[in-house]
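> In the working numbering, the protein residues as written are 6 to 185.
Heads up, the beta-carbon is just placed ideally off N, CA and C, and yes, glycines get one too.
Just passing along the structure, written as structure tokens.
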């Protein structure tokens, strides 16, 4: 599959990604000139499915968040832009235990090769999501997700320094009740 995309960036869309950006940042739209994607999707068994593939993109004006070194407070981020090649290798497995319980795992490896920047800032080199969903009598649904992102770097406050960001873990829990 070959596609492309044009994304209009705004202060709102960027604060949805990173709520700590400074109030005034340079704003450019992002253009995915080309995206080529190939993969496989199917089932190993009746209760186990898979989805795996790889994609290659060339992206113009991709934004990267960097620590704002111009402010004395140093508590926010600004944005740098660069054109970049991007490769994503992904895989997903889902397993159904009866009709009530579903467990899934999805992982991505990300590789960026920017035209000018020497480091990739605040974009993970990998991520992993593990999810569980339990349906109790079609009325009460429990979900638990575990998200991990790793391999991120940040530009330091001292010129030309790069630091590694600790792997964040996010564990949202959800309960849904249907009144039908």
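Would you call residue 64 buried or exposed, if buried means 16 or more other Cβ atoms sit within 10 Å of its Cβ?
buried
> Hey, residue 87 and residue 120: beta-carbon distance below 8 Å or not?
yes
> Who are residue 167's beta bridge partners in DSSP?
Per DSSP, 160.
> Enumerate, from N- to C-terminal direction, the unbroken beta strand (DSSP E) stretches of 3 or more residues contained entirely within the segment 11-69.
35-50
> What span of residues does the beta strand (DSSP E) with residue 138 cover, start to end?
131-141
> Which stretch, first to last residue, makes up the beta strand (DSSP E) that contains residue 89?
82-102
> Comparing alpha-carbon positions, which option in 60, 21 and 154 lies nearest residue 42?
60
> Quick one: residues in its chain with C-beta nearer than 8 Å to the C-beta of residue 130, no 5 flanking neighbours on either side, listed in chain order?
114, 115, 116, 155, 156 and 157
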